[in-house]
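**Student:** So the protein sequences, as listed, match chains A and B. Straight run, no breaks: the first sequence in this note's numbering ends on number 216. Straight run, no breaks: the second sequence in this note's numbering ends on number 559.
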Amino acid sequence: MIVGRLNMNNRMSDNAGISRREFMTRMGLLGSLALSCPAAALAELRVLKANHRAVDSAPEWQSEAAWQTIAQVQETLFPAAEDVPGASDFGADVYLHKAIENPNADGEDKDFIMRGVGWLDDLAQQSLKKTFLQLTAIQQQEIIEVIVNSKAGRNWVSMLLSYILEALLTDPVYGGNNNGIGWKWLQHQPGYPAPAADKTWDKLLQRRYTVT
Amino acid sequence: MTDWDVCIIGSGAGGGPVALTLAKAGYSVVVLEKGPWFTEKDFYKDELACCRRSVYTPKLSEEQHVIEDSDRDGNWVGEATSDSGWDFWNGNCVGGSSNLMSGFFYRLKPEDFRLLSEFGPIKGANVVDWPISYEDLEPYYTLVEKEVGISGHVTDHPFAEPRSSKDFPYPPTTEHPVSRRIDETCDSMGLFSLPTPRAILSRDKGSRRACEYSGFCGSYGCSSGAKGGSRAALLAQAVATKHCEIKPLCKVYKLSSDAKGKVVSAEYYDAKGQQQSIRAKLFVVACQAIETSRLLLSSTGPKHPQGLANNSGQVGKNLLFSAGGSGNGDFEYADMDTRAAENMKIRGPFVNRGLQDWYFINDKTMGGRIKGGTVDFLLRHPNALSKAMSAKWDGDDLVWGSALQKKLKSIFTDSQTLRYEIFCDWLPTDDCFVDLDNSVKDKWGSAVAKVRIGYHKHDLKVGSYINGHAEKVLKKMGATNIRSNISGAPPQNLVAGGCRFGHDPETSVLNANCRAHDVENLYVTDGSFMPTGGSVPYTWTIYANAFRVAEKIKNALM
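In structure tokens:
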């Protein structure tokens, strides 16, 4: 059966206001080309980040033991490979820090995550007489395999994973997904317009409480 | 002495048409909206804002519902949504949830207005005929096409409802290559693949720009103004008349009535939590079904000891959701040639296809002629986080490390998913209603709505029947990994009823004009009026009826 179908070429001429390329991109016709080499994008990102580290010193919180532990857990949960961005590549710790320190965030998440760091170190001390950070990569994996067997441990890892996935796939305005690497890796085309820095969810949320 | 001619509580699809019609007629109109006033400049394709944080809806710790579901032994057990996390809010902001809809716009069919006489009674269901007919509503369906801006194309088919205009005022939105495949498959199966009308502009309309085909539509606010929500399509025009004022962040908690039973004022909390009051000649309630019933039940007065318009105890009764369910099938890129795969990957254009071949089912195995429903096709929502989060679990086990990464890669890059949604009548029963829960209070100290969500088994029977047919379409198209789900779980965003209209004040809340039987200056114009829901999404019917009632109100004010 033939139904009223618009010819895409006709549609294009209706859009004099936007360029053909922009339109093609919008329609997803160029999207897969632009996103076709995640490994190269990843290598580029890693060079970029190394250069940044050489120039800018890391923020203070990143040197705190708890946050170093969190970053290491994140990397264990989402490890880097040549063609796979790891948690450190896309700034999972920066994202999480921003997210849970946000005054509009649910404070319970922060408490739970920080308490979990304590449990993790306790367990590492009890079983191997070391802090989590002092363990080998294999031992770190094994400890996480142990904690996901308890309900609390599973909830803790699940929460960290949720924030990791948010860091991987939300707009870079939120601190993760550096250079859009998460989108490139998974060939995901973000929607547009992308959130402006003054219109992030927490800023919009303020509008529920005050007339602007 | 009154401040306003008309005070409307709620600014969504039920409030917008009334505000526009009366403001255009020169009456002074004030709209009280609980939520904030976002505009196109605030809407971004931000999955955190739309779908993972409470930006468009209240925090459940501040405002919640109590949901009563039956446990294994058949007892009704209530749980506050602040405990369960089961969110029943749908967009509390100027324009309401119509800001966030997908805009699948279907009319009801003439038979939907007389379900009882057409199909007879069903045991355990409170099926009735409507006090108006399709012909009464038809001019307003047409008016909505123009005012809201509906795009589509009328095709001749056996299930078409009569219409007074030849075609839609806007041509269909651009369509995805998969639509042609659906057409070819349905054609080969003797089914009528229908173009789905959408409340999405395919061309500019005034200051509203045509759709920009971002591909993220449902659940998101529209940044071009193409989506025909109440705010963009109607309230903007109403405000432009200078006869309409919209007051955001004003939460009405009670309508006060006098010794004669008339409503005199709306009592509300402003943004600072201060109690305020507005007087008007006439009041219109349109807070979406659950909150409309809650407000009326909370509004006791000398003539309304059980709540406003509730002297027959009917307010909150016969709440409706939408029965049915959904199905998914995957199209693996590896099974296609490059061009077909690139076509499948295209994002932005709409599928816009539906099937109404089973809107009426005539099958001996189903007990003769019964009411069926609609199937609507769409591609899986491109939301990245919802896809990614689904990868985190394998049953009760967490997936992490390289196993998670492999799963993500596969979910995102191996296939496209075509979905269908089935819309059936949610039969009205005594087990689905709104009441007040005095043990749970919102942040202002008001009793929250308690919602019992029982469904009729017949709904599952109908849904499963249609699902069997819909699955066959996906299969014939070559989809793999077909999975579907028909359940009695209520879709929170498809809600109506609770204040059914009818001729008899003993069995209905509103008269045929949607005025409360026992309150001469109170109207309800959201989906609450519907005594039966039909087998399509509600929004077009809510819009049309609100425009119809606005004319009745205009006459009442003269």
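For glycine and all other residues, C-beta sits at the position ideal for the given N, C-alpha and C. All values derive from a computational prediction rather than experimental measurement.
In whole angstroms, what is the alpha-carbon distance linking Ser71 (chain B) and Asp438 (chain B)?
**Tutor:** If you number the second sequence from 1, residue 71 (chain B) lands on position 70. If you number the second sequence from 1, residue 438 (chain B) lands on position 437. Computed Cα separation, rounded: 17 Å.
**Student:** For Gly157 (chain A), which of helix, strand or coil comes out of DSSP?
**Tutor:** On the first sequence, position 153 is the one that residue 157 (chain A) refers to. In this structure, Gly157 (chain A) counts as helix in the three-state DSSP scheme.
**Student:** Which residues of the segment 197-219 of chain B have a Cβ closer than 7 Å to any Cβ of chain A? Give them in chain order.
**Tutor:** Residues Glu213, Tyr214, Ser215, Gly216, Phe217.
**Student:** Examine the Cβ distances between the segment 130-145 of chain A and the segment 182-193 of chain A and report whether three or more of them are shorter than 8 Å.
**Tutor:** No: the two stretches stay apart, fewer than three of their Cβ pairs being nearer than 8 Å.
**Student:** CB-CB under 8 Å to Ala211 (chain B), same chain, minus the five flanking residues each way: which ones, in chain order?
**Tutor:** In the second sequence, counting from the first residue as 1, residue 211 (chain B) sits at position 210. Excluding positions up to five away in sequence, the list reads Leu202, Ser203, Arg204, Asp205, Ser225, Ala227.
**Student:** For Ala20 (chain B) and Cys251 (chain B), which I take to be in contact (beta-carbon distance under 8 Å), what is that distance rounded to the nearest angstrom?
**Tutor:** Mapped onto the second sequence, residue 20 (chain B) falls at position 19. Mapped onto the second sequence, residue 251 (chain B) falls at position 250. Not a contact, Cβ separation roughly 14 Å.
**Student:** Beta-carbon of Arg158 (chain A) versus every beta-carbon of chain B: anything under 8 Å?
**Tutor:** For this step, residue 158 (chain A) is matched to residue 154 along the first sequence. By this cut-off, Arg158 (chain A) is an interface position.
**Student:** Give me the Cα-Cα distance between Leu109 (chain B) and Phe120 (chain B), rounded to the nearest whole angstrom.
**Tutor:** Counted from its first residue, the second sequence places residue 109 (chain B) at position 108. Counted from its first residue, the second sequence places residue 120 (chain B) at position 119. C-alpha separation (whole angstroms): 16 Å.
**Student:** Can you list the residues of chain B that Pro83 (chain A) reaches, using a CB-CB cut of under 9 Å?
**Tutor:** Within the first sequence, residue 83 (chain A) is the residue found at index 79, counting from 1. Within 9 Å Cβ-Cβ: Gly402, Ser403, Gln406.
**Student:** Return the first residue and the last residue of the beta strand (DSSP E) that Gly369 (chain B) is part of.
**Tutor:** Mapped onto the second sequence, residue 369 (chain B) falls at position 368. 369-372 is the span of the beta strand (DSSP E), which, as asked, contains Gly369 (chain B).
**Student:** Can you tell me the Cβ-Cβ gap for Glu176 (chain B) and Pro350 (chain B), rounded? I've got them flagged as a contact below 8 Å.
**Tutor:** Taking the second sequence and counting its residues from 1, the one referred to as residue 176 (chain B) is at position 175. Taking the second sequence and counting its residues from 1, the one referred to as residue 350 (chain B) is at position 349. Rounded, the Cβ-Cβ distance is 5 Å, consistent with contact.
**Student:** Give me the Cα-Cα distance between Val286 (chain B) and Trp394 (chain B), rounded to the nearest whole angstrom.
**Tutor:** Taking the first residue of the second sequence as 1, we reach residue 286 (chain B) at position 285. Taking the first residue of the second sequence as 1, we reach residue 394 (chain B) at position 393. Taking the straight line from one Cα to the other gives about 43 Å.
**Student:** Please go through the segment 451-504 of chain B and give each complete alpha helix (DSSP H) segment of 4 or more residues, from N-terminal end onward.
**Tutor:** For the segment 451-504 of chain B, whole alpha helix (DSSP H) runs of length 4 or above, ordered along the chain, are 458-478.
**Student:** So the beta strand (DSSP E) Leu296 (chain B) belongs to, where does it begin and stop?
**Tutor:** To locate residue 296 (chain B), count along the second sequence from 1; it is residue 295. First-last for Leu296 (chain B): 290-299, but that is the alpha helix (DSSP H), not the beta strand (DSSP E).
**Student:** By the DSSP assignment, the alpha helix (DSSP H) with Glu136 (chain B) in it spans what residues?
**Tutor:** Here residue 136 (chain B) corresponds to residue number 135 of the second sequence, with the count starting at 1. Per DSSP, Glu136 (chain B) belongs to the alpha helix (DSSP H) from 135-145.
**Student:** Report the start-end ranges of each alpha helix (DSSP H) in the segment 48-90 of chain A that is 4 residues or longer and not cut off at the edges.
**Tutor:** Correct list: 69-81.
**Student:** Inspect the beta-carbon positions of Val253 (chain B) and Leu523 (chain B) and report whether they are closer than 8 Å.
**Tutor:** Along the second sequence, one-based indexing puts residue 253 (chain B) at 252. Along the second sequence, one-based indexing puts residue 523 (chain B) at 522. No. Outside cutoff.
**Student:** At a CB-CB cut-off below 8 Å, which residues of chain B make contact with Leu209 (chain A)?
**Tutor:** What you label residue 209 (chain A) is simply residue 205 of the first sequence in a count that begins at 1. Correct list: Arg54, Ser55, Val56.
**Student:** Give me the chain B residues within the contact set of Ser92 (chain A), using Cβ-Cβ distance strictly less than 7 Å, ordered along the chain.
**Tutor:** Along the first sequence, one-based indexing puts residue 92 (chain A) at 88. Chain B residues near Ser92 (chain A): none, gap ~14 Å exceeds 7 Å.
**Student:** May I have the straight-line CA-CA distance separating Lys372 (chain B) from Ala490 (chain B), to the nearest angstrom?
**Tutor:** By 1-based counting over the second sequence, the position of residue 372 (chain B) is 371. By 1-based counting over the second sequence, the position of residue 490 (chain B) is 489. One C-alpha to the other measures close to 20 Å.
**Student:** Touch check for the segment 474-485 of chain B and the segment 328-335 of chain B: three-plus C-beta pairs under 8 Å?
**Tutor:** A contact exists between the segment 474-485 of chain B and the segment 328-335 of chain B.
**Student:** Excluding the 5 residues flanking Gly36 (chain B) on each side, which residues of the same chain have their C-beta closer than 6 Å to its C-beta?
**Tutor:** Reading the second sequence from its first residue, position 35 is the one you call residue 36 (chain B). Counting only Cβ-Cβ distances below 6 Å, and skipping sequence neighbours, we find Asn93, Cys94.
**Student:** Can you find a C-beta in chain A that's less than 8 Å from the C-beta of Lys473 (chain B)?
**Tutor:** One-based indexing of the second sequence puts residue 473 (chain B) at position 472. Taking Cβ atoms only, chain A never reaches closer than 8 Å to Lys473 (chain B), which makes this a no.
**Student:** Listed from N- to C-terminal order along the chain, which residues in the segment 318-334 of chain B have their beta-carbon within a distance smaller than 9 Å of any beta-carbon of chain A?
**Tutor:** Those would be none; no residue qualifies.
**Student:** Can you tell me which of the three DSSP states Leu437 (chain B) falls into?
**Tutor:** Along the second sequence, one-based indexing puts residue 437 (chain B) at 436. If DSSP states are grouped into helix, strand and coil, Leu437 (chain B) belongs with the strands.
**Student:** If you count every other CB in all the chains shown that lies within 10 Å of the CB of Met102 (chain B), and 16 or more means buried, which is it?
**Tutor:** Position 101 of the second sequence holds residue 102 (chain B). Buried, since its Cβ has 16 or more Cβ neighbours within 10 Å.
**Student:** Rounded to the nearest angstrom, how far is the Cβ of Asp4 (chain B) from that of Leu558 (chain B), given a contact under 8 Å?
**Tutor:** By one-based count along the second sequence, residue 4 (chain B) stands at place 3. By one-based count along the second sequence, residue 558 (chain B) stands at place 557. Going by Cβ atoms, the distance from Asp4 (chain B) to Leu558 (chain B) rounds to 15 Å, so no, they are not a contact pair.
**Student:** How far does the alpha helix (DSSP H) with Phe120 (chain B) in it extend, from its first residue to its last?
**Tutor:** Against the second sequence, residue 120 (chain B) aligns to sequence position 119. First-last of the alpha helix (DSSP H) with Phe120 (chain B): 116-120.
**Student:** Rounded to whole angstroms, what's the CA-CA distance from Asn159 (chain A) to Phe116 (chain A)? Just pull it up for me.
**Tutor:** Residue 159 (chain A) sits at position 155 when you count from the first residue of the first sequence. Residue 116 (chain A) sits at position 112 when you count from the first residue of the first sequence. About 9 Å.
**Student:** For chain A, find out if any of its Cβ atoms is closer than 8 Å to the Cβ of Ser83 (chain B); answer yes or no.
**Tutor:** Translated into the one-based positions of the second sequence, residue 83 (chain B) becomes position 82. Judged by the 8 Å Cβ criterion, Ser83 (chain B) is not in contact with chain A.
**Student:** Could you spell out where the alpha helix (DSSP H) holding Arg420 (chain B) opens and where it closes?
**Tutor:** Working through the second sequence from its first residue, we reach residue 420 (chain B) at position 419. Not the alpha helix (DSSP H): Arg420 (chain B) falls in the beta strand (DSSP E), residues 416-425.
**Student:** Opposite Pro196 (chain B) in the DSSP bridges: which residues?
**Tutor:** Here residue 196 (chain B) is taken as the residue at index 195 of the second sequence, counted from 1. B:Arg354.
**Student:** Check whether the Cβ of Ser162 (chain A) lies closer than 8 Å to any Cβ atom in chain B.
**Tutor:** What you label residue 162 (chain A) is simply residue 158 of the first sequence in a count that begins at 1. For Ser162 (chain A), the answer is yes, since a Cβ of chain B falls inside 8 Å of its Cβ.
**Student:** Counting along the chain, where does the alpha helix (DSSP H) carrying Ser131 (chain A) start and finish?
**Tutor:** Along the first sequence, read from residue 1 onward, the residue named residue 131 (chain A) stands at position 127. Where Ser131 (chain A) is concerned, the enclosing alpha helix (DSSP H) stretches over 111-132.
**Student:** Measure the CB-CB distance between Glu268 (chain B) and Ser257 (chain B) and report whether it falls below 8 Å.
**Tutor:** Taking the first residue of the second sequence as position 1, residue 268 (chain B) is located at position 267. Taking the first residue of the second sequence as position 1, residue 257 (chain B) is located at position 256. In contact: Glu268 (chain B) and Ser257 (chain B) (Cβ atoms closer than 8 Å).
**Student:** Is Tyr99 (chain A) close to chain B? Criterion is C-beta to C-beta, closer than 8 Å.
**Tutor:** Sequence index remark: in the first sequence, residue 99 (chain A) carries index 95 (1-based). Chain B, which has no Cβ nearer than 8 Å to the Cβ of Tyr99 (chain A), makes this no.
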